[in-house]
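Accompanying notes for the structure given below.
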Amino acid sequence: MRGMQWAAGAVVGSAVGDALGGPFEFGPPGAFSARFPAPGAGGEMCGGGGWDPGEATDDTQMAVLVAESLLERDGLDLPDVFARFQRWAAADPKDIGLQTEDVLTNGMPWDTAAALHFQVNRRAAGNGSLMRASTAAVRFAAAGREVTMDAARRIAALTHGDRAAWEGTAIFHELVRAAREDVDPLTALPDILAHVHPDHRDRYAGVLAADWHPDRATEFNGAVWPCLGSAVWCLRTTRCFEDALRAAVDLGGDTDTVAAVTGGLAGACYGLDAIPVRWTRPLHVPLPGFGGRVLRMPDLLGLARRLACR
2 MRGMQWAAGA
12 VVGSAVGDAL
22 GGPFEFGPPG
32 AFSARFPAPG
42 AGGEMCGGGG
52 WDPGEATDDT
62 QMAVLVAESL
72 LERDGLDLPD
82 VFARFQRWAA
92 ADPKDIGLQT
102 EDVLTNGMPW
112 DTAAALHFQV
122 NRRAAGNGSL
132 MRASTAAVRF
142 AAAGREVTMD
152 AARRIAALTH
162 GDRAAWEGTA
172 IFHELVRAAR
182 EDVDPLTALP
192 DILAHVHPDH
202 RDRYAGVLAA
212 DWHPDRATEF
222 NGAVWPCLGS
232 AVWCLRTTRC
242 FEDALRAAVD
252 LGGDTDTVAA
262 VTGGLAGACY
272 GLDAIPVRWT
282 RPLHVPLPGF
292 GGRVLRMPDL
302 LGLARRLACR
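The following block contains the structure:
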């Protein structure tokens, strides 16, 4: 996609999905359409569940922390990213995943904290690394498949010791890169799957198949496989950004993250101009632990531009 449309679409689209889905988290399927039955009628950035209208959750907050580290450190500095995560976690954010919180507060070094958590719990395939991937996906897209997928895995491994989370995040990175190259991400999936670790390839092939439906998920969509599969399903079965996001939130469950991942993919595909202004106008991203900063649209657009130009 030409210009900055794909980059701004990915970053802003993910944040919009996050803020749109936050108030419906852990709710039942269909709750969004039941409240807002007419597409385009407005009012969807309603707030609720502890969130102000347009307020982004931990998904976007962590994505911004990744972005600012990449820009300020001029590349991937994993200890710096981890330290920013720790500072944020220590500031009592409104929402933080249980696994992520444990990893960031267990007192272990950046390169062993997630591995230790996985060793003890044997369950670390949540979607918490996938949810924050939009900014890094934009930053590394120009470097090619090998570099962007490697970066995704390394950033994911800071908080998630299960390789399943690494591979899901790497697939997302590569889907965003395909959009940058004006390639339909859906047609790129078979080639992308060939570059997924063999131990996880079949499971991802299943949830990313053209005939898969979120109703077939064997885990809650807070897990990385059905989360990514649901986002791709939303992209595949709709024809515009707004419809993709409505479908994502209507799935229920972990609505903020499913919609954030869907928004990142749909934004990269359709571009910034496809995102309704009524959704971007109230959008804001608080950053607990960072001096009371709150990012708004101009800030997110600036991040996207700088990430894509590196």
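By the working numbering, the letter at position 134 of the sequence shown is numbered 135, and the numbering carries on one by one without gaps. Glycine is no exception: its CB is placed at the ideal position from the N, C-alpha and C atoms.
Pairwise C-beta distances place the segment 147-156 out of contact with the segment 107-120, as fewer than three of them are shorter than 8 Å. Where residue 122 is concerned, the enclosing alpha helix (DSSP H) starts and stops at 114-122.
Looking at the DSSP output, residue 52 sits in a beta bridge with 49. Apart from sequence neighbours up to five positions away, the residues of its chain that approach residue 45 with a beta-carbon distance below 8 Å are 21, 33, 37, 279, 280, ordered along the chain. By DSSP's assignment, residue 285 forms a beta bridge with 56. For residue 7, same chain residues with a beta-carbon under 7 Å away, outside a window of 5 residues either side, are 180, 181, 269, 272 in chain order. The DSSP-derived three-state label of residue 39 is coil.
Assigned with DSSP and collapsed to three states, residue 296 falls in strand.
The shortest C-alpha to C-alpha distance from residue 150 to any of 161, 61, 170 is the one to 170. Between the segment 77-84 and the segment 42-62, the count of Cβ pairs shorter than 8 Å is below three; the stretches do not touch. The residue from 130, 135, 144 with its alpha-carbon nearest to that of residue 159 is 130. The count of Cβ pairs closer than 8 Å, one atom from the segment 217-226 and one from the segment 238-245, stays below three, leaving the stretches out of contact. Assignment of residue 14 by DSSP, reduced to helix, strand and coil, places it in the helix class. In summary, residue 186 is buried, with 16 or more beta-carbon neighbours lying within 10 Å of its beta-carbon over all protein chains present.
Distance from residue 11 to residue 177 at the Cβ level is roughly 5 Å; contact confirmed, criterion being Cβ atoms closer than 8 Å. As summarised for the segment 223-279, the continuous alpha helix (DSSP H) elements at least 4 residues long and confined to that stretch are 225-237, 242-251, 256-271, given in chain order. Excluding sequence positions up to five before and after residue 251, its CB lies within less than 7 Å of the CB of 30, 31, 33, 34, all in the same chain and listed in chain order. For residue 207, the enclosing alpha helix (DSSP H) begins and ends at 199-208.
For the pair residue 50 and residue 192, the Cα-to-Cα distance works out to about 40 Å. Secondary structure within the segment 92-116: the alpha helix (DSSP H) runs of 4 or more consecutive residues, fully enclosed, are 99-106 (chain order).
Contact between residue 114 and residue 122 fails: their C-beta atoms lie close to 12 Å from each other, not under 8 Å. In terms of CA proximity to residue 14, 284 leads the group 284, 309, 128.
Where residue 150 is concerned, the enclosing alpha helix (DSSP H) starts and stops at 146-157.
By a beta-carbon distance limit of 8 Å, residue 304 does not contact residue 17. Their separation comes to about 14 Å.
Of all C-beta pairs linking the segment 68-80 to the segment 134-142, three or more are shorter than 8 Å, placing the two stretches in contact. Sequence-distant Cβ neighbours of residue 132 in its own chain, meaning closer than 6 Å and more than five residues away, are 60, 258, 261. With distances taken between CA atoms, residue 39 lies nearest to 244 out of 244, 164, 265. If you draw a straight line from the Cα of residue 266 to the Cα of residue 110, it is about 32 Å long.
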